[in-house]
Amino acid sequence: MECPGCHFQNRDEAIFCNEHGYKLENICPNCGNTNRLGSKYCDKCGNVLTITPPKIAKPPPSLPITHRSRM
Ligand SMILES: [Zn+2]
Ligand SMILES: [Zn+2]
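Counted the way my numbering counts, the sequence shown spans residues 22 to 92.
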């Protein structure tokens with residue numbers, strides 16, 4: 022199963038992304054049914070699933086170390 026956030030290929034049974042810990046399953050807030058990733062509607066009760074976009078903390082650009090502490 023591919024992570025929608027970072028496109029990391031996780032195992033099909035994966036619930037959380039191996040790469041950045043995003044939850045890969047859509048749990049229906051109405052009935053608690055676990056739907057497949059990317060489902061827009063619950064396949065059990067038909068409730069609209071709100072898709073929360075995965076939050077990825079962008080790593081800051083690696084800055085060259087210019088100021089070394091003097092020995
Ligand atoms: Zn991910
Ligand atoms: Zn449901």
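Using N, Cα and C, we set each Cβ at its ideal position, and we do this for glycine too.
Three-state secondary structure (DSSP) of residue i
i   : result
N56 : strand
E34 : coil
Y62 : strand
E40 : coil
N47 : strand
Pairwise C-alpha distance: residue j and residue i
i   : j   : result
N31 : M92 : 46 Å
D64 : N56 : 7 Å
A35 : L58 : 11 Å
C24 : P50 : 21 Å
S60 : D33 : 15 Å
N39 : L45 : 10 Å
Which listed residue (the options) has its alpha carbon closest to that of residue i
i   : options               : result
P80 : H41, H28 and N51      : H41
C52 : T87, R89, F29 and G67 : G67
I48 : I86, L70 and F29      : L70
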